[in-house]
Structures are given as C-alpha cells and as structure tokens.
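In the working numbering, the protein residues as written are 5 to 251.
What follows is the structure in structure tokens.
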C-alpha cells in the first residue's frame with residue numbers, strides 16, 4: 005500500500021499494526037560516473053519492491069530525498085540538511101502517523117550520512133510514543149553477508165559510488181551511468197591502526213574524485229543479484245516486525 009495513492013478514508017481503515025515503511029536517501033555527488041540522485045533511486049527501488057512483496061503488511065511513505073550530506077558539500081550541486089534539521093525531517097511526518105494510531109515504523113535508510121540522524125529521530129520518537137515499535141536500518145545492512153558474497157573486489161561492504169552502488173545503477177538506470185568515467189577511488193588515509201576510531205569525512209579533501217570503492221568491478225548482473233538479496237532480506241525484517249508481540 006502506497007500512502008500517496010490512497011484516500012484518507014482508506015488510510016483510516018488500515019490496521020494500526022501495518023508497518024509504516026519510510027525510505028530516506030540523499031541528493032549528493034557520486035563521483036564522476038553516477039548522478040546526484042543515486043541514493044534516492046536505489047533506496048526507492050528497494051522500498052517499492054519490498055512493498056510489492058508485502059502489500060498487506062506495509063504502508064509505504066514517499067521517499068525523503070533530502071539527506072545529511074554535509075561531507076559532500078565540497079562538490080558543486082550536493083544538497084544537504086544541516087545536522088539539527090535532519091532528524092526533524094524524519095520525526096515530523098512519522099509523528100503524524102503515530103498520532104493517528106499507527107504503531108510500527110521502519111525507516112529504510114539509503115545514505116550512510118543519515119545513520120546518526122535517523123537513530124536520533126527514532127530515539128526522540130521513542131520518548132514520545134513508548135508503546136510504538138520503532139525501528140530502522142540501512143538497506144545494505146539487512147543483507148551484509150549476501151552482499152559480501154556477491155561483490156568480487158577486496159572491499160566486501162558498501163562504499164560510495166563503489167562496486168555495490170555502481171552495479172545497482174547499471175541494473176536499474178544504466179542510462180544514468182557515465183561508463184567512460186568509471187574508475188576506482190578510495191579515502192586518502194591509511195586506517196590500519198585506527199580500528200574503532202571515528203573520523204568525520206570530507207569527500208572533497210579525502211578522495212580523488214568523490215568515490216570510495218572498486219567501481220570498475222561493477223556489472224548489471226551483480227546489480228540484479230544485489231537488489232534481489234537486499235529486497236529478500238529486508239522483506240524478512242518487515243514480516244518479523246509485523247508479527248512481533250511488542251511489550
């Protein structure tokens with residue numbers, strides 16, 4: 005069920021144990037070969053497929069495209085909410101539905117820079133709605149072992165404009181991939197002695213052209229396999245949340 009396509013009376017009749025699925029992404033630079041909308045395209049593709057696979061259990065909200073992308077502002081064209089604004093962009097629409105009595109929420113994150121913000125949003129809403137089951141994940145985290153098995157490079161997790169994202173875009177929107185511009189990139193510091201240390205990124209200063217990962221290894225075939233794995237594993241989480249007995 006897609007909220008944007010329903011009427012208010014149809015929404016009124018929904019079970020309040022329907023899982024509200026809120027996809028959140030970003031509009032930011034993705035190196036020289038992928039468009040600004042990469043995160044939005046990928047997150048929305050996962051969300052719509054999860055809803056299609058679980059139509060009676062999911063109420064899909066419109067994509068929130070503005071993300072927390074201040075570390076990409078060195079590249080012209082990136083759009084970002086500031087760190088105070090971003091959690092409110094998530095809390096305000098979810099607060100409406102929670103006040104209408106919906107009790108189960110899943111934020112589906114599609115941009116690494118949003119993680120702190122969506123965690124803060126869920127913590128804030130948990131104080132206001134202690135009886136609600138509030139949850140969320142970055143979509144790639146739901147299928148981390150499967151993603152690692154599909155990726156052929158030395159990096160087995162998700163970077164930026166990397167083998168993972170480039171493969172998905174080659175499968176979903178090949179018309180937007182600048183094939184001649186694809187090249188590998190990575191962060192310009194060695195972290196072998198910095199395990200567990202957080203360093204805030206500045207993608208302009210710390211990369212050659214705004215990426216992180218082995219984009220040259222990407223393919224549409226990998227993209228399909230990656231998307232199938234993510235949708236399957238995210239759907240499993242949604243079904244679990246829908247069935248949970250929440251104290």
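In this text, a Cβ means the ideal position worked out from N, Cα and C, and glycines have one as well. Small disclaimer: the values here were computed from a predicted structure and weren't measured.
Following the DSSP letters along the chain, one finds residue 111 in no alpha helix (DSSP H) but inside the beta strand (DSSP E) bounded by residues 108–113.
Between the alpha carbons of residue 176 and residue 69 lies a gap of roughly 18 angstroms. Leaving aside the five residues that flank residue 168 on each side, the residues in its chain whose CB is nearer than 6 angstroms to its CB run, in chain order, 162. Residue 34 carries a strand assignment under DSSP once its states are collapsed to helix, strand and coil. Take residue 129, set aside five residues on each side of it, and the residues of its chain with a beta-carbon closer than 8 angstroms to its own are 95, 98, 99, 102, 109, 136 and 138, in chain order. Taking C-beta separations shorter than 6 angstroms and ignoring five residues to either side along the sequence, the partners of residue 90 in its chain run 72 and 121, following chain order. When DSSP states are grouped into helix, strand and coil, residue 210 belongs to the helix group. Comparing alpha-carbon positions, the option among 192, 22, 126 and 232 lying closest to residue 64 turns out to be 22.
Annotated as distal: residue 246 and residue 33, with beta-carbon spacing of 8 angstroms or more. Cα atoms of residue 30 and residue 87: separation of roughly 14 angstroms, rounded to the nearest angstrom.
For residue 210, the closest C-alpha among the options 198, 191 and 105 is that of 191. For residue 72, there is no enclosing alpha helix (DSSP H), as DSSP marks it with neither H nor E. Looking at the DSSP output, residue 168 sits in no beta bridge, so it has no partner there. If you look at residue 139, you'll find it in the beta strand (DSSP E) that goes 137–142. In the displayed model, residue 216 falls within a strand according to three-state DSSP. In terms of CA proximity to residue 41, 181 leads the group 228, 181 and 239. Under DSSP, the beta-bridge partners assigned to residue 26 are 111.
Residue 53 and residue 46 have their C-alpha atoms spaced approximately 11 angstroms apart. Where residue 54 is concerned, the enclosing alpha helix (DSSP H) starts and stops at 42–57.
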